[in-house]
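Engineer:
Numbering (my numbering), first residue to last: -17 to 89.
(1) Enumerate, from N- to C-terminal direction, the unbroken beta strand (DSSP E) stretches of 3 or more residues contained entirely within the segment -15 to 72.
(2) Express the C-alpha separation of residue 65 and residue 44 in angstroms, rounding to a whole number.
(3) Look up residue 75 in the DSSP assignment and say whether it is helix, strand or coil.
(4) How should residue 52 be labelled, buried or exposed, when 16 other C-beta atoms within 10 angstroms of its C-beta is the threshold for buried?
(5) Does the distance from the CB of residue 5 to the CB of residue 73 come in under 8 Å?
(6) Which whole-angstrom value is the C-beta distance of residue -10 and residue 3, which I expect to be below 8 Å?
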């Protein structure tokens, strides 16, 4: 879990990037972390800074994470599950047949 200071799009993007990187396999390099932030910023401009992220916003964030992974073809990480009203981000691991996905293709 990651906690946000505010619900601003910049804090949200930073929190999501930190939460994703914490559980990504293999670990993200600084360059890949910045590429991830850039991918999230493309969605962040659509996010409201006045309210917590709704279900549609979570879906757009997860679509950006999917696109990031597909572009690289070598990283697997968690997906944003929810943003609590207090600013706590929760993530969930993606799985197939009850087993976490692994990078570099295959179970």
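Each residue gets a CB set at the ideal place from its N, CA and C atoms; glycine is no exception. All figures in this text were calculated on a predicted structure; none of them were measured in a lab.
Structural biologist: For this structure:
(1) Taken in chain order, the complete beta strand (DSSP E) segments of 3 residues or longer contained in the segment -15 to 72 are 61 to 65.
(2) 13 Å
(3) coil
(4) exposed
(5) yes
(6) So it is not a contact: roughly 20 Å between Cβ atoms.
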